[in-house]
Amino acid sequence: MADKKLPSARILAIETSCDETAAAVIQDGRYILSNVVSTQAELHAKYGGVFPEVASREHIKTIYTVVQEALQQAHLELSDVDAIAATRGPGLPGSLVVGLNMAKGLALGAGKPLIGVNHMEGHIYSAWLHPLEAEEEKEPPQFPVLALLVSGGHTELVLVKDHLTYERLGSTLDDAAGEAFDKVARLLELGYPGGPAIQKAGLEGDPEAFKFPRAWLDDTWNFSFSGLKTAVLHVVRNLQSKKKNAELPVANLAASFQEAVVEVLVTKTRYAAQEFGAKEIIVAGGVSANRALRQAITKGAAGRVHLPAIYLCTDNAAMIGAAGYLRYSQGLVDDLDIDALPTWPISELGSSNN
Ligand code: KG4
Ligand code: ZN
Numbered sequence: 003m004a005d006k007k008l009p010s011a012r013i014l015a016i017e018t019s020c021d022e023t024a025a026a027v028i029q030d031g032r033y034i035l036s037n038v039v040s041t042q043a044e045l046h047a048k049y050g051g052v053f054p055e056v057a058s059r060e061h062i063k064t065i066y067t068v069v070q071e072a073l074q075q076a077h078l079e080l081s082d083v084d085a086i087a088a089t090r091g092p093g094l095p096g097s098l099v100v101g102l103n104m105a106k107g108l109a110l111g112a113g114k115p116l117i118g119v120n121h122m123e124g125h126i127y128s129a130w131l132h133p134l135e136a137e138e139e140k141e142p143p144q145f146p147v148l149a150l151l152v153s154g155g156h157t158e159l160v161l162v163k164d165h166l167t168y169e170r171l172g173s174t175l176d177d178a179a180g181e182a183f184d185k186v187a188r189l190l191e192l193g194y195p196g197g198p199a200i201q202k203a204g205l206e207g208d209p210e211a212f213k214f215p216r217a218w219l220d221d222t223w224n225f226s227f228s229g230l231k232t233a234v235l236h237v238v239r240n241l242q243s244k245k246k247n248a249e250l251p252v253a254n255l256a257a258s259f260q261e262a263v264v265e266v267l268v269t270k271t272r273y274a275a276q277e278f279g280a281k282e283i284i285v286a287g288g289v290s291a292n293r294a295l296r297q298a299i300t301k302g303a304a305g306r307v308h309l310p311a312i313y314l315c316t317d318n319a320a321m322i323g324a325a326g327y328l329r330y331s332q333g334l335v336d337d338l339d340i341d342a343l344p345t346w347p348i349s350e351l352g353s354s355n356n
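Going by our numbering, the sequence shown opens with residue 3, and the numbers climb by one from there.
This is the structure:
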């Protein structure tokens, strides 16, 4: 069971905030009955990033099949689920409306409650999901827990005081961590998405080869990655100007860049956990799939560190189902006329959706 005092419920969840069309069925906010993700990464690769109109059109083409497949894989009919959850924001407007409207249609047609979920809240709740392949039942996170959210659009430190109760301690002042990975990957001509490409390229590299700057932003819980990105650019230009057509030391550049990002993320997260009395840490969002980050945050940790299974780090609907379940179990359902919220800071969420 998720939490013993909470009711049993199945949630059909939909996620279309960026370039993944996803649907899942989640039992009790924890057990994955199905988890279908259709990624558009290949389509966007030729643009070097997500092309919003293309993303929206692709969601429209795929959403129905993805939802059908999620129900089929769970061996359920729409009438068997208790509620329909969908990402309401933050995200690309043209992408969000596709999933949200699909959820509204299903909720209206089947007479089920609708739950609008904050995408970043979803990433936090990926830590509650019990991966299919895990043999042992893992104790869910204990409050207060410090969450480091690192995705393509956000980098945030959030103190999770209780279910659905957040205090945002800090965020990035410029680029998100994932965005920095994507931009540096483009600079090194490694392709999109940049995170996995940098990780792979850096495998054989020396993380100490280049001493890239770390923006500590002392006395705040904020981050900044644009200076680091510019520093990589300068080193690349310098190397290229010294010798025309010289091969760049891509492995060392990638490993050193990654090390700079990881060191700042891990150090600040640990300090914040200490400062705010959080014994446990959650790292979630696409960048939490990064192997160097996962190793560094786990090594010598003072308490439990919750890292989602790799396939639950990047965007998926299972996490939306986990967060949606918590909202549903507390009676936080939404009207059918809610709008998508492309900008929706997690700091605006308390214990209600309004
Ligand atoms: O959470 P996510 O799937 O989508 C957003 O909500 O933005 O995160 C996507 C981001 C991209 O910037 C991608 O490059 C990054 O996560 N990412 C990684 C890795 N896998 C995905 N960054 C570093 N290392 C990885 N292995
Ligand atoms: Zn995300």
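The beta-carbon is built from N, C-alpha and C at its ideal position, and this holds for glycine as well.
Since we're looking at a predicted model, the values are computed, not measured.
- Around ligand 1, the residues whose beta-carbon falls short of 5 Å from at least one of its heavy atoms are S153, G154, G155, G180, F183, D184, P195, G196, G197, P198, Q201, G287, G288, V289, A291, N292, T316 and D317, given in chain order.
- Apart from the 5 residues on each side of it in sequence, T64 sits with its Cβ closer than 6 Å to the Cβ of T23 and S40 in its chain, given in chain order.
- Comparing C-alpha distances from V252 to each of F227, G204 and V100 shows the shortest one belongs to G204.
- Listed as beta-bridge partners of H77 by DSSP are no residues whatsoever.
- Judged by the Cβ position, H125 qualifies as a neighbour of ligand 2 at the 7 Å threshold, a heavy atom of the ligand being closer than this.
- Checking the 7 Å criterion, the Cβ of H121 is within range of a heavy atom belonging to ligand 2.
- In terms of CA proximity to E277, L161 leads the group L190, L161 and T167.
- Of L159, A85 and P54, the smallest CA-CA separation from R329 is found for A85.
- Secondary structure at F278: coil, using DSSP grouped into helix, strand and coil.
- Taking the CA atoms as reference points, A15 sits about 37 Å from L190.
- Using a 10 angstroms sphere on the CB of S258, the tally of other CB atoms reaches 16 or more, which defines it as buried.
- The region 309–317 and the region 120–134 touch, with no fewer than 3 CB-CB distances between them shorter than 8 Å.
- The C-alpha of W223 is placed about 7 Å away from the C-alpha of A274.
- With a cutoff of 8 Å on beta-carbon distance, G326 and I34 are scored as not near each other.
- The three-state reading of DSSP puts Y327 in helix, counting H, G and I together.
- For A76, the CB contacts under 6 Å within the same chain, skipping 5 residues up- and downstream, are V27, L35 and S36 in chain order.
- Here A294 carries a helix assignment [DSSP, helix/strand/coil].
- As computed with DSSP, Y33 is found in a beta bridge with Q29 and H132.
- Within the region 171–221, the complete alpha helix (DSSP H) segments of 4 residues or longer fall at 179–189 and 196–204, listed in chain order.
- When G287, A304 and G93 are compared, the shortest CA-CA separation from T316 is found for G287.
- Here T18 has H61, S97, V100 and G101 as same chain residues with Cβ atoms under 6 Å from its own Cβ, once five neighbours each way along the sequence are excluded.
- For N120, the uninterrupted beta strand (DSSP E) segment begins and ends at L116 to N120.
- For M321, the CB contacts under 7 Å within the same chain, skipping 5 residues up- and downstream, are G124, H125, Y127, S128, L131 and L314 in chain order.
- Pairing G333 with G93, the inter-Cα distance amounts to about 25 Å.
- Excluding residues up to 5 positions away in sequence, S226 and S228 lie with their Cβ nearer than 6 Å to the Cβ of D176 in the same chain.
- Bounds of the beta strand (DSSP E) holding R12 are R12 to E17.
- For H125, the three-state secondary structure derived from DSSP is helix.
- In the three-state reduction of the DSSP assignment, H156 falls in the coil class.
- The distance from the Cβ of A298 to that of V266 is about 11 Å, inconsistent with a contact at the 8 Å cut-off.
- Scanning its chain for C-beta atoms nearer than 6 Å, with the 5 sequence neighbours on each side dropped, one finds around S58 the residues G96 and S97, in chain order.
- Close CB contacts of L80 within its chain, under the 6 Å cut and outside five residues either way in sequence, are with A112 (chain order).
- Close CB contacts of P54 within its chain, under the 6 Å cut and outside five residues either way in sequence, are with L94 and G96 (chain order).
- Counting of Cβ neighbours within 10 angstroms places A179 among the buried residues, the total reaching 16 or more.
- Of the other Cβ atoms in all chains shown, fewer than 16 fall within 10 Å of the Cβ of A248; this residue is therefore exposed.
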